[in-house]
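Asks:
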Amino acid sequence: AQRVTQPEKLLSVFKGAPVELKCNYSYSGSPELFWYVQYSRQRLQLLLRHISRESIKGFTADLNKGETSFHLKKPFAQEEDSAMYYCAPLGKFYFGSGTKLNVKP
Amino acid sequence: EAGVVQSPRYKIIEKKQPVAFWCNPISGHNTLYWYRQNLGQGPELLIRYENEEAVDDSQLPKDRFSAERLKGVDSTLKIQPAELGDSAVYLCASSGRRYEQYFGPGTRLTVT
Numbered sequence: 093a094q095r096v097t098q099p100e101k102l103l104s105v106f107k108g109a110p111v112e113l114k115c116n117y118s119y120s121g122s123p124e125l126f127w128y129v130q131y132s133r134q135r136l137q138l139l140l141r142h143i144s145r146e147s148i149k150g151f152t153a154d155l156n157k158g159e160t161s162f163h164l165k166k167p168f169a170q171e172e173d174s175a176m177y178y179c180a181p182l183g184k185f186y187f188g189s190g191t192k193l194n195v196k197p
Numbered sequence: 063e064a065g066v067v068q069s070p071r072y073k074i075i076e077k078k079q080p081v082a083f084w085c086n087p088i089s090g091h092n093t094l095y096w097y098r099q100n101l102g103q104g105p106e107l108l109i110r111y112e113n114e115e116a117v118d119d120s121q122l123p124k125d126r127f128s129a130e131r132l133k134g135v136d137s138t139l140k141i142q143p144a145e146l147g148d149s150a151v152y153l154c155a156s157s158g159r160r161y162e163q164y165f166g167p168g169t170r171l172t173v174t
């Protein structure tokens with residue numbers, strides 16, 4: 093059974109609009125998460141680890157324990173953010189099915 | 063640093079034929095992973111190695127899939143015989159102590 097789910101398969105926004113991608117979790121243990129990104133014709137790569145509280149490429153990640161969900165946010169989307177985004181719990185070795193972000197000009 | 067290297071990048075074979083994929087991880091990374099990724103899905107773990115030991119192969123279809131990492135460095139994943147449903151992208155990844163995975167470019171397998 094899949095223990096992380098990404099409810100949006102496709103998310104389309106206009107350039108400059110805020111973006112929020114969601115990852116729901118249902119596994120036990122400490123909820124820590126990685127967000128990975130795959131740009132067109134590139135390999136899957138780590139974007140950020142939510143617990144680091146870093147901002148990478150303008151993205152930040154947080155946890156909503158009440159909703160058992162993680163959120164990847166960016167206040168102003170850019171066209172170069174268009175990619176597939178996957179969430180993966182720390183140390184669990186499985187991934188969500190991904191959200192395709194399309195940022196329109 | 064070349065990152066994780068995989069070969070071949072593409073492979074087309076007929077069903078019932080054997081196929082092998084090779085992976086060289088990032089130097090110093092003890093953990094190596096093989097994933098299968100079907101279209102529209104996230105990667106699914108097939109096998110995970112810590113050095114040369116397979117510590118999680120519960121999702122590996124052992125009747126036709128095999129893998130090895132003899133010296134704890136590079137690894138080979140084999141399918142024999144291939145079936146139509148094996149068409150997918152096969153990803154290799156490696157990680158150090160922080161569980162952050164670094165992926166190779168993948169091998170796109172087409173079984174006809």
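Keeping their order, the protein sequence lines are chains A and B.
Quick note on the working numbering: the first sequence kicks off at 93 and runs consecutively.
Quick note on the working numbering: the second sequence kicks off at 63 and runs consecutively.
Positions of the beta carbon are idealized from the N, C-alpha and C atoms, including for glycine.
These numbers were taken from a predicted model, which means no experiment stands behind them.
#1: In the DSSP assignment, the beta strand (DSSP E) including residue 129 of chain B goes from what residue to what residue?
#2: Could you tell me if the beta carbon of residue 105 of chain B falls within a distance shorter than 7 Å of some heavy atom in the ligand PLP?
#3: Could you tell me whether the stretch 135 to 151 of chain A touches the stretch 166 to 185 of chain A, using the rule of 3 or more Cβ pairs below 8 Å?
#4: Could you tell me how far apart the beta carbons of residue 158 of chain B and residue 104 of chain B are, in whole angstroms, since I believe they sit closer than 8 Å?
#5: State the Cα-Cα distance for the pair residue 100 of chain A and residue 163 of chain B, rounded to the nearest angstrom.
#6: Residue 84 of chain B: which of B:161, B:131, B:150, B:144 sits nearest, CA to CA?
#7: Does residue 120 of chain B come out as helix, strand or coil in the three-state DSSP assignment?
#8: Could you tell me whether any Cβ in chain B is nearer than 8 Å to the Cβ of residue 190 of chain A?
#9: Using a Cβ-Cβ cut-off of 7 Å (strictly less than) and excluding sequence neighbours within five positions of residue 171 of chain A, which residues of its own chain qualify?
Replies: With the given structure in hand:
#1: Looking up residue 129 of chain B in the second sequence gives position 67. It spans 127 to 130 - the beta strand (DSSP E) in which residue 129 of chain B sits, taken as one unbroken run.
#2: The model depicted lacks the ligand PLP and carries no ligand whatsoever.
#3: yes
#4: Translated into the one-based positions of the second sequence, residue 158 of chain B becomes position 96. Translated into the one-based positions of the second sequence, residue 104 of chain B becomes position 42. About 22 Å separates the two Cβ atoms, so there is no contact after all.
#5: Stepping through the first sequence from its first residue, residue 100 of chain A is reached at position 8. Stepping through the second sequence from its first residue, residue 163 of chain B is reached at position 101. In a straight line, the C-alpha of residue 100 of chain A is about 24 Å away from that of residue 163 of chain B.
#6: One-based indexing of the second sequence puts residue 84 of chain B at position 22. Nearest C-alpha to residue 84 of chain B: B:131.
#7: Here the question's residue 120 of chain B lines up with position 58 in the second sequence. Residue 120 of chain B: coil per DSSP, three-state reduction.
#8: Along the first sequence, read from residue 1 onward, the residue named residue 190 of chain A stands at position 98. Chain B contact via Cβ: present.
#9: Here the question's residue 171 of chain A lines up with position 79 in the first sequence. Around residue 171 of chain A: 107, 195, 197.
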